[in-house]
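One structure below.
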Amino acid sequence: MAGSTTNFPNVQRIRDMVRNDLASLLDSFKGKKDLVLDTELMKPLDRVAGATMLKQRNLLKQRHVDKIFKLDPTQKSIHGCEQRVYLVRPQMTTMKVIADHVNSDRSSNIKREYRIIMVPRKLHVCEMILEHEGVMGYITIHELQMDLIPLDRDILSLELPQFFRSFYLDSDHTWIQTIAKSLINIQALCGIIPNVYGIGKGSKMVNDLMKNILGEKLSGPDYSKCDIGNLILIDRDIDFVTPLCSQLTYEGLLDDTFGISCGYIEFGKDVTGKDQSTKLLLSSEDQIFDEVRNRHFSNVFEYLSSKAKSLQTEFDQRHGLESVGDTKDFVATKLRGLKAQKAALSHHIGACEVILGKKTKGEFEEYLQTEHSLLEGTALRENMTFIEELINKQSSMIQTLKLLCLLSLTLDGIPARDYKSLKKQYCQSHGFEQMLTFYNLSKLGMITDQELTTIQPATSLGKVTSSMAAMTKHSSFKSLCRRLALIPKTDDINLKSPTDMSYVFSGAYSPLSCKLVEQALTRETFIGMEEITKHLPGGVFAEVNAKQSKGKMPSSLPPSSKVVLVYFLGGCTYSEISALRFLGRLKGYRFLVATTSIITGTSLLEQVVEKPPI
Numbered sequence: 028m029a030g031s032t033t034n035f036p037n038v039q040r041i042r043d044m045v046r047n048d049l050a051s052l053l054d055s056f057k058g059k060k061d062l063v064l065d066t067e068l069m070k071p072l073d074r075v076a077g078a079t080m081l082k083q084r085n086l087l088k089q090r091h092v093d094k095i096f097k098l099d100p101t102q103k104s105i106h107g108c109e110q111r112v113y114l115v116r117p118q119m120t121t122m123k124v125i126a127d128h129v130n131s132d133r134s135s136n137i138k139r140e141y142r143i144i145m146v147p148r149k150l151h152v153c154e155m156i157l158e159h160e161g162v163m164g165y166i167t168i169h170e171l172q173m174d175l176i177p178l179d180r181d182i183l184s185l186e187l188p189q190f191f192r193s194f195y196l197d198s199d200h201t202w203i204q205t206i207a208k209s210l211i212n213i214q215a216l217c218g219i220i221p222n223v224y225g226i227g228k229g230s231k232m233v234n235d236l237m238k239n240i241l242g243e244k245l246s247g248p249d250y251s252k253c254d255i256g257n258l259i260l261i262d263r264d265i266d267f268v269t270p271l272c273s274q275l276t277y278e279g280l281l282d283d284t285f286g287i288s289c290g291y292i293e294f295g296k297d298v299t300g301k302d303q304s305t306k307l308l309l310s311s312e313d314q315i316f317d318e319v320r321n322r323h324f325s326n327v328f329e330y331l332s333s334k335a336k337s338l339q340t341e342f343d344q345r346h347g348l349e350s351v352g353d354t355k356d357f358v359a360t361k362l363r364g365l366k367a368q369k370a371a372l373s374h375h376i377g378a379c380e381v382i383l384g385k386k387t388k389g390e391f392e393e394y395l396q397t398e399h400s401l402l403e404g405t406a407l408r409e410n411m412t413f414i415e416e417l418i419n420k421q422s423s424m425i426q427t428l429k430l431l432c433l434l435s436l437t438l439d440g441i442p443a444r445d446y447k448s449l450k451k452q453y454c455q456s457h458g459f460e461q462m463l464t465f466y467n468l469s470k471l472g473m474i475t476d477q478e479l480t481t482i483q484p485a486t487s488l489g490k491v492t493s494s495m496a497a498m499t500k501h502s503s504f505k506s507l508c509r510r511l512a513l514i515p516k517t518d519d520i521n522l523k524s525p526t527d528m529s530y531v532f533s534g535a536y537s538p539l540s541c542k543l544v545e546q547a548l549t550r551e552t553f554i555g556m557e558e559i560t561k562h563l564p565g566g567v568f569a570e571v572n573a574k575q576s577k578g579k580m581p582s583s584l585p586p587s588s589k590v591v592l593v594y595f596l597g598g599c600t601y602s603e604i605s606a607l608r609f610l611g612r613l614k615g616y617r618f619l620v621a622t623t624s625i626i627t628g629t630s631l632l633e634q635v636v637e638k639p640p641i
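Residues in the sequence shown are numbered consecutively from 28, following our numbering.
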């Protein structure tokens, strides 16, 4: 984030609110109790409660919590005290596990009081499962509205990766209410947001429900007291291309290579050089990480190297200290911080070496070249051949699937003959259960069979380039590329001091989602953008209640008008977050990013890929 944090929403207040609600709930359950935690909630709870509650035994003792257990589906019973509190996600499988625990206790004539705290809300289907299992009468149900979790000063996440499949593939609207309520909670802290823009069907549903719940509070609010001037809701299905592209910023590569979960990353022996793995919290509080997180990877190692030299210089200062007092002052004020920075620097250098090793192995450069070529709509014959080679060599099924999806998305569907051939080869290579994967991807619109109006006779897989080229010329993606300048016209993009957000993909492509955010803020309306919006599924809307004066620089506007909350429904990538941070620095805006979860192309596809039978 650029600039001062003045007038920027303090998202940590959300964490404090949830922590207080959890403490109040535990306090309301009188007497000694055991706490059983859903493993899916361990890291989110750690970000919310942290060392102030779950890690400090004395605070737990104050709330009469005797023991903490992890919910294990294989464990049929838990031995503990006479009151048990389950803190869980509202999932049917979890309810079945809890019901098994209760029934096991009853069969052993053990009497206990059972409470279930569902996060972020209780669902009727869960109550039905408990009723069906015959344990509803022994259980009291509560809910903890832990929705958006602050992962950093400008990132909030629901940590609900299942939303993507649930909403876009299964048409399940369960979590729409959770998203709407999370926005209501933000506005309770920061004031009613005057300007709301939405792109996609989910965004419209969330906004309508939010307005319905807020009701009278929306009539004549004082917008001068709000901390956030603009809310932009974006459905993931309006831009599948961006998450499928290989991330090339440092933070994005860390997520792709090691996996970042709820802001935590775990480095193994290949990074640390030690037998034990190390878990780090990646946030702006780590000065070294904050400096390199948004950089293109090619510009990271140079900074880390110079930082190592400057740190060594600071360490060497202690040898020139002349008095005991100076030495004591150095130890008290600098030494601990220098040691922490040195440890962090060592981890980041080790991570860079691992990433470089993986980039130089295998077919990464050719893969990246194919990916960029698909975005540009060039060398289609060579790209098809490369994808076929990956399939026949049984390379990573997810990596191959990414290219297949990019091929389809950039062409508005794969030509029928080629679609059948590629699908057949993929299923023969990776198992015929992948037929269901193709069905899921087709339902999402990520891989589709494009029936050509004019099919050249006797064409082979590699000889349809002329008909493909005709398709690319008229495809929705190409129209969006042309009208929004998604593909830079020059290859000379400065990756060290970028002037265009396409730097996050080595200058090959600007994220469509971020370009749409830029358009919404610049135009303050979607009127006049029909040639763009007609290619976006689900429609658009804009509700502007605090117009900005045209021609004024952002610095002359009210402080809140610079603050923009961008909410991704279905997940966003670290590349998009980096691109928005860059846009903020360029245009004078300050972005707060909220999302149902942080995703990568791999994690997105894993939700819809059919797993082989065990």
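Where is the CB? At the ideal position from N, CA and C, for every residue including glycine.
Bear in mind the structure is a predicted one, so any value in this text is a computation, not a measurement.
| Roughly how many whole angstroms lie between the Cα atoms of residue 148 and residue 309? | Those two C-alpha atoms are separated by around 28 Å.
| said: In the DSSP assignment, the alpha helix (DSSP H) including residue 467 goes from what residue to what residue? | reply: That run of the alpha helix (DSSP H) goes 461-471.
| query | So, helix, strand or coil for residue 474, using DSSP? | reply | Judged by DSSP in its simplified three-state form, residue 474 adopts coil rather than helix or strand.
| query | According to the Cβ coordinates, are residue 279 and residue 51 closer than 9 Å? | reply | No, these two residues do not count as a Cβ contact at 9 Å.
| query | Taking residue 171 as the reference, which of 556, 227, 75 has the closest Cα? | reply | Of 556, 227, 75, the residue nearest in Cα terms is 75.
| request: Compute the beta-carbon to beta-carbon distance between residue 557 and residue 571, rounded to the nearest angstrom, for a pair I have assumed lies under 8 Å. | output: Going by Cβ atoms, the distance from residue 557 to residue 571 rounds to 18 Å, so no, they are not a contact pair.
| request: Classify residue 170 as helix, strand or coil using the three-state DSSP reduction. | output: The answer is strand: DSSP assigns residue 170 an E or B state.
| When we look at the beta-carbon of residue 106 and count the other beta-carbons within 10 Å, is it buried (16 or more) or exposed? | Residue 106 should be labelled exposed.
| task | Could you check how far apart the C-beta atoms of residue 596 and residue 210 are, in whole angstroms? I think they sit under 8 Å. | result | About 11 Å separates the Cβ atoms of residue 596 and residue 210, ruling out a contact at the 8 Å cut-off.
| query | Which partner residues does residue 229 have in the DSSP bridge list? | reply | Here residue 229 is not bridged, per DSSP, to any residue.
| Closest residue to residue 89 among 72, 73, 58 (Cα-Cα distance) | Measuring from the Cα of residue 89, the nearest candidate turns out to be 58.
| field | Distance between residue 226 and residue 258 (C-alpha atoms, nearest Å) | value | Distance from the CA of residue 258 to the CA of residue 226, rounded to the nearest whole angstrom, comes to 11 Å.
| message | I'd like the span of the alpha helix (DSSP H) that includes residue 618, first residue to last. | response | Residue 618 -> not in any alpha helix (DSSP H); beta strand (DSSP E) instead, spanning 617-622.
| query | Is the stretch 195-213 touching the stretch 132-144 in the sense that three or more CB pairs, one from each, lie closer than 8 Å? | reply | No, because fewer than three Cβ pairs between the stretch 132-144 and the stretch 195-213 fall closer than 8 Å, the two stretches do not touch.
| Bounding residues of the beta strand (DSSP E) (the contiguous stretch that carries residue 322) | For residue 322, there is no enclosing beta strand (DSSP E), as DSSP marks it with neither H nor E.
| query | Among the residues of its own chain, which have a CB less than 6 Å from the CB of residue 537, if the five just before and after it don't count? | reply | 513, 528, 529, listed in sequence order.
| query | Would you report the Cα separation of residue 395 and residue 475, rounded to the nearest angstrom? | reply | Their Cα atoms are separated by approximately 23 Å.
| So residue 568 is in the alpha helix (DSSP H); what residue range does that whole segment cover? | Where residue 568 is concerned, there is no enclosing alpha helix (DSSP H), although the beta strand (DSSP E) it sits in stretches over 567-571.
| message | By the DSSP assignment, the beta strand (DSSP E) with residue 634 in it spans what residues? | response | Counting along the chain, residue 634 falls outside any beta strand (DSSP E), and DSSP gives it neither H nor E.
| message | Spatial neighbours of residue 218 within its chain, please: C-beta separation below 7 Å, excluding the five flanking residues on both sides. | response | Within the same chain, 252, 253, 254 come within 7 Å of residue 218 by CB-CB distance, once the 5 residues on both sides are set aside.
| task | Given a cut-off of 9 Å, decide if residue 306 and residue 291 are closer than it, judged by their beta-carbon atoms. | result | Yes, the pair counts as a contact, with Cβ atoms nearer than the cut-off.
| task | For the alpha helix (DSSP H) containing residue 208, list its first residue and its last residue. | result | It spans 203-217 - the alpha helix (DSSP H) in which residue 208 sits, taken as one unbroken run.
| query | Under a Cβ-count criterion, where at least 16 other Cβ atoms within 10 Å of its own Cβ denotes burial, should residue 138 be classed as buried or exposed? | reply | Exposed, because fewer than 16 other Cβ atoms sit within 10 Å of the Cβ of residue 138.
| Going by Cα to Cα distance, which pick from 391, 333, 380 is closest to residue 369? | Closest by C-alpha distance to residue 369, out of 391, 333, 380, is 333.
| field | residue 397 vs residue 430 beta-carbon contact at 9 Å | value | Annotated as proximal: residue 397 and residue 430, with beta-carbon spacing under 9 Å.
| Backbone CA spacing between residue 198 and residue 228 [nearest angstrom] | Each residue's Cα considered, the two are about 11 Å apart.
| request: Report the residue from 128, 200, 340, 504 whose alpha carbon sits nearest the alpha carbon of residue 473. | output: Residue 504 is the option with its Cα nearest to residue 473.
| Taking the continuous beta strand (DSSP E) assigned at residue 184, which residues delimit it? | Boundaries of the beta strand (DSSP E) harbouring residue 184: 182-184, taken from the DSSP string.
| message | Rounded to whole angstroms, what is the Cα-Cα separation between residue 239 and residue 183? | response | The alpha-carbon atoms of residue 239 and residue 183 are separated by roughly 24 Å.
| query | Rounded C-beta distance between residue 533 and residue 275? I'm assuming under 8 Å. | reply | About 5 Å; that satisfies the 8 Å criterion.
| field | N- and C-terminal bounds of the alpha helix (DSSP H) containing residue 130 | value | From DSSP, the alpha helix (DSSP H) with residue 130 extends over 119-134.
| said: By alpha-carbon positions, which one of 440, 636, 399, 539 ends up nearest to residue 518? | reply: For residue 518, the nearest C-alpha among the options comes from 399.
| query | Quick one: what does DSSP say residue 305 is sitting in, helix, strand or coil? | reply | In the structure shown, the three-state DSSP call for residue 305 is strand.
| query | Around the C-beta of residue 186, are 16 or more other C-beta atoms found within 10 angstroms, so that it is buried, or is it exposed? | reply | Residue 186 should be labelled buried.
| message | Quick check: the Cα distance between residue 515 and residue 535, rounded to an integer number of angstroms? | response | Approximately 7 Å between the Cα atoms of the pair.
| query | If you run the structure through DSSP and keep just helix, strand and coil, what is residue 285? | reply | Under the three-state reduction of DSSP, residue 285 is assigned to coil, being neither helix nor strand.
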